[in-house]
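In our numbering, the protein residues as written are 1387 to 1733.
Cβ atoms here follow ideal geometry from the backbone N, Cα and C, with glycine treated the same way.
This report concerns only the one structure given below.
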Ligand code: SF4
């Protein structure tokens, strides 16, 4: 059973406790909370919910809890795993389990089928956009990843798609992830990553949820950023900076800026200086990410020392910068690589 939402139905995994009660006619109402707890613990069917009365389990045993299925798995030597998930209508998305040196696991979740933003260094950007994901399809990515090696402690909305162009589903999925009767994941362990959708950043600042914010900056001159990221033609660096200053004034949070470094494109010390000048007086950490190769895209990986020099220049200019290890690369699950197991998704 599903509740109607514009465009498609939402499966049980996209519902909060009271909505589960209503959608599945669970009486008394606390049964919805029980079902929610079971789903959060990884139940795949109402039949698994042993504290629901036997009659209820029998009545609901044919109801599908999930709307997605795992259609492929790729594991990397660094512990990362990429899942291909089939959606109801036959389209597919990818989700990635990232594992760091300390063994901490992060679920990297997609928010759209494909992406319309067209960042020139990103595989997903070459696919086009089919549709937004529903909250169930977002939440289920986490559950599928959790079934591999236990529940990831962190969540990043950094997979396929632009989260701030699907804010309704992202908000609902965060409400589910953070709900005290379910996974109860702290908002501080959840990150929304945007390519720079200015109205979305302002909306997040004003109305939340206040999770961590990451922005893909990549370059800090309008000419270069517009060439690499078409979003900059709609919201340029002046408007992006104003939005981030507003965000910081409202939340007090440090913002993460992502800088994917393509060899010879945006890797110069001059580019680093422009970035440092643009950043002040924002309170940020810059993640310097050596670009991950994507066949067919016209860029090269930075040569040895190129990304390190960029990072060092930012640091020299007083900007807090960190060079990121490229996790997930072995499964093409690293930043900008998602979508290689999928065909074009344009309708
Ligand atoms: S980097 Fe993100 S916003 Fe840009 S095309 Fe790729 S998925 Fe879309």
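Cutting at 8 Å between CB atoms, please list the residues of its own chain near residue i, excluding the five before and the five after it.
i, result
"residue 1655", "1695, 1696 and 1699"
"residue 1572", "1564"
Which stretch, first to last residue, makes up the beta strand (DSSP E) that contains residue i?
i, result
"residue 1584", "Unbroken run through residue 1584 is the alpha helix (DSSP H), 1584-1593; no beta strand (DSSP E)."
"residue 1622", "Segment: none, residue 1622 is in no beta strand (DSSP E) and carries neither H nor E."
"residue 1598", "1598-1602"
"residue 1571", "Neither: residue 1571 is in no beta strand (DSSP E) and is coded neither H nor E."
"residue 1605", "It is not in any beta strand (DSSP E) - residue 1605 carries neither H nor E in the DSSP assignment."
"residue 1484", "1478-1485"
"residue 1644", "1641-1647"
"residue 1702", "Element bounds for residue 1702: not the beta strand (DSSP E) but the alpha helix (DSSP H), 1692-1702."
"residue 1540", "1540-1543"
"residue 1709", "1707-1709"
"residue 1518", "1514-1518"
Span of the alpha helix (DSSP H) holding residue i?
i, result
"residue 1407", "1403-1409"
"residue 1564", "1553-1564"
"residue 1502", "That residue, residue 1502, is in no alpha helix (DSSP H); it is neither H nor E in DSSP."
"residue 1527", "1521-1535"
"residue 1665", "1655-1665"
Please report the distance separating the alpha-carbon of residue i from that of residue j.
i, j, result
"residue 1729", "residue 1513", "Below a pLDDT of 50, predicted positions are generally treated as unreliable, and residue 1729, at 48, falls in that range; no measurement from the model is reported."
"residue 1544", "residue 1397", "23 Å"
"residue 1620", "residue 1496", "23 Å"
"residue 1553", "residue 1690", "39 Å"
"residue 1634", "residue 1560", "21 Å"
"residue 1425", "residue 1399", "7 Å"
"residue 1525", "residue 1404", "17 Å"
"residue 1597", "residue 1530", "22 Å"
"residue 1555", "residue 1606", "30 Å"
"residue 1686", "residue 1603", "19 Å"
"residue 1402", "residue 1421", "10 Å"
"residue 1627", "residue 1430", "44 Å"
"residue 1487", "residue 1427", "26 Å"
Using a Cβ-Cβ cut-off of 6 Å (strictly less than) and excluding sequence neighbours within five positions of residue i, which residues of its own chain qualify?
i, result
"residue 1415", "1407"
"residue 1547", "1496, 1497, 1498 and 1501"
In its own chain, which residues sit with a C-beta less than 7 Å from the C-beta of residue i, not counting the 5 before and 5 after it?
i, result
"residue 1632", "1588 and 1591"
"residue 1608", "1618, 1622 and 1623"
What is the C-beta distance between residue i and residue j, in whole angstroms, given that I count them as a contact (C-beta under 8 Å)?
i, j, result
"residue 1653", "residue 1692", "5 Å"
"residue 1680", "residue 1705", "That belief does not hold up - the Cβ atoms of residue 1680 and residue 1705 are roughly 27 Å apart, past 8 Å."
"residue 1480", "residue 1473", "Actually they are not in contact, since the Cβ atoms of residue 1480 and residue 1473 sit about 12 Å apart, beyond 8 Å."
"residue 1491", "residue 1538", "4 Å"
"residue 1541", "residue 1583", "The Cβ separation is near 19 Å, so there is no contact."
"residue 1594", "residue 1550", "Between residue 1550 and residue 1594 the Cβ distance is about 13 Å, and since that is not below 8 Å, they are no contact."
Could you tell me whether the Cβ of residue i comes closer than 7 Å to any Cβ of chain C?
i, result
"residue 1416", "No chain C appears in the structure shown, which is made up of a single protein chain."
Runs of alpha helix (DSSP H) wholly within the region 1418-1473 (minimum 4 residues, chain order)
Those alpha helix (DSSP H) runs which fall completely within the region 1418-1473 and span 4+ residues are 1440-1446.
If you measure from each residue's Cβ to the nearest non-hydrogen atom of ligand 2, which ones come out under 5 Å, in chain order?
Ligand 2 is not part of this structure, which contains only ligand 1.
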